[in-house]
Each structure stands twice: as C-alpha cells, then as structure tokens.
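Numbering (my numbering), first residue to last: 159 to 432. Here a beta-carbon is modelled for each residue, glycine too, at the ideal position from N, C-alpha and C. Have a look at the structure below, then the notes.
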Amino acid sequence: MNKLIIIIVILMLMGCHSSHMIDRCDYKVDTRYPAAGKNNRINSIVLHYTALNDEKSLKVLTQQKVSAHYLILINPKNIGNKPVVLQLVPEDKRAWHAGSSYWRNRTNLNDTSLGIEIVNLGYTPMFFGKRWYSFNDQQRVLIERLTKDLVKRYNIKPTNVLAHSDIAPLRKHDPGPLFFWERLAKIGVGAWPDQAVVKKYIGPRNIKDLASVANIQKLLAQYGYTIPQTGQLDPDTKKVISAFQMHFRPSDFSGRPDAQTEAIAAALLEKYSF
C-alpha cells in the first residue's frame, strides 16, 4: 500500500513537472518562467468583401498572392446549428489581405491583424453612382460570432476593428456602406459613437453645415487615419472623409466636411479616451 502511494505521488510530481515541459525531439523547452514584457502580435481585425462569388473567392484566396485568415461564404454551412467559417490561414501566420496600409502610426497591417473576407459582390457601377450589395442574415450571424470570439481571445480594442477602407482609404471601399458596424458595436465588437455626445458636438449648427476642414483632418488623424493636414479639401482628404463616413455615417459618404462628420469624430475620440 505504501509503495502504491509513493508511486502515485511520484507520478503526480512528474505530471506537474512535465506540464511545463515541451518535448521537441532533440531537446526540451521549460516554460515555467513566462516574461511580463510581451503583448499579442494580433491587435486588430480587418474586414473585407471579396467582390466575387464563392467559387472565385476561394480560388483567388487560396491560389493567388492574396489571402485572409477567414472566408465567409455567401450561405455558410451549418453543422449542429453552428455556422461554419473557412479558415484559410492559421491565426499565428501572416495573411496577405491588407496590402499597403496604415492605422494609428502602424504600417503594413498584415503583420498585426487578422483578415476576414466576406463573399459579397461589393457594388455595380450605375449611371448615377453605385449599387451596393448587402450582407445576408446567415453571414451577419457568423460574422458576429467569429469577431466576438477573436476580440475576446486577443483583447482587441473597439477602435481596432476596422474596414479595409479605414486602413487604405485612397484605394479601397470594402466592406462598403451596407456593412453593419452599429450592430456589431452593440455586442462589443468595434467602435460606435454615442448619439447624445454627437448632438452635443453639433450644438446649434445644422448637421449639413460646413465644418472646418483643418479640424476634421486633425480629428481623423487623432482617431487613426492617415490624412493630409493641409486645411484644404484636397482629393486625398475627401477620400479619407468619405471612408470615415462610410463606416460611421453610411447614409451619406460623399466626403463633404460637414458638422455631423466633425461631431462624430469628436464623439469617438471622447468615448474611447484618445
């Protein structure tokens, strides 16, 4: 009996010790001394639309020099009442989804982000403007579940849940004005301004009144965008304002520097304590 107890104790001690050991065939790694000086490599999520159908999206994202960590099909499968997302790149690997990009003093966001591609045709050019395509309910549910999980596991800040158009506003529009940012924010994914605070910053002005271009440039730069600081409504400034509006005021993303746009930017900066 005593021998049995001794054997059990030895096995328990071995188990405790081995839980800190990783065997890599030719050597072992002791993980008992984790360093405090570290952070997650992943600090942002970037959402895209593919502008292609399921078949072409999958082919491009797996066979060409572009990729994403996750792909959400137009009608995701369900297994056991759980929607299925396609993982194309492991989360600990670098996917090629962001391209030339910038956000809050960081460039090359492929290095620090997770990319989610959503099958959606984007838009069709029309005689007057563009016809944008919406996302369906199955996609919305899967996007909510996936992003909520990623935000929790990587402790991603609301201001770092981004559109491709946020990080590359001069060349990208995705995921477009019909994406459901406000709905995501309600479940703790991404940023959204408080309307009472927006009204406070609008003050006595009409929401369509022109605002200071220089101030909007300053506010958007503080929030994270790369934007000229010229005080002029130059073409690049107009594109960045449009990208911001597409995310936070999709009813009008003309790029016009109005009072409501200025107020939304100020409200976001106040809410997220920049």
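- When DSSP reads this structure, E275 sits in a beta bridge with H206, L229.
- In the three-state DSSP reduction, R182 falls in the coil class, being neither helix nor strand.
- DSSP links W350 through a beta bridge to no other residue.
- In this structure, S202 and L267 form a Cβ contact; the two beta carbons are roughly 6 Å apart against a cut-off of 8 Å.
- When DSSP states are grouped into helix, strand and coil, A256 belongs to the coil group.
- Looking at the DSSP output, D188 sits in a beta bridge with M179.
- Taking a cut-off of 8 Å on C-beta distances, the stretch 221-230 does not touch the stretch 334-349, as fewer than three cross pairs fall below it.
- Residues W350 of the same chain have their beta carbon placed closer than 6 Å to that of A343, with the five preceding and five following residues left out of the count.
- With fewer than 16 other Cβ atoms from the protein chains shown falling within 10 Å of its own Cβ, L368 counts as exposed.
- By the C-beta density criterion, N278 is buried, having at least 16 other C-beta atoms within 10 angstroms.
- For L304, the closest C-alpha among the options G257, Q387, K240, P333 is that of K240.
- From the listed residues Q418, A253, P415, G238, the smallest Cα separation to Q221 is found for A253.
- Taking C-beta atoms under 8 Å as the contact rule, G346 and K315 fail to qualify, at a distance of about 11 Å.
- L328 is classed as exposed because its beta carbon has fewer than 16 other beta carbons within 10 Å across all chains shown.
- A check of alpha carbon separations from Q380 across D352, C183, A424, A256 identifies A424 as the nearest.
- As computed with DSSP, Y281 is found in a beta bridge with W290.
- Per DSSP, the continuous alpha helix (DSSP H) segment holding A423 begins and ends at 417-429.
- K315 carries a coil assignment under DSSP once its states are collapsed to helix, strand and coil.
- Comparing alpha-carbon positions, the option among M404, G348, S292 lying closest to Y430 turns out to be G348.
- Excluding five sequence positions before and after I325, the CB atoms of its chain that fall closer than 7 Å to its own CB belong to V204, A256, S259, Y260, W261, L267, given in chain order.
- Within its own chain, the residues whose Cβ lies closer than 7 Å to the Cβ of A401, once the five positions on either side in sequence are excluded, are S323, D324, P327, listed in chain order.
- When DSSP assignments are scanned along the stretch 357-400, the uninterrupted stretches of alpha helix (DSSP H) that are 4 or more residues long and fall wholly within it turn out to be 371-381.
- In the three-state reduction of the DSSP assignment, Q245 falls in the strand class, which pools E and B.
- Here DSSP, grouped into helix, strand and coil, assigns R341 to helix.
- Under DSSP, A321 takes part in a beta bridge, and its partners are L205.
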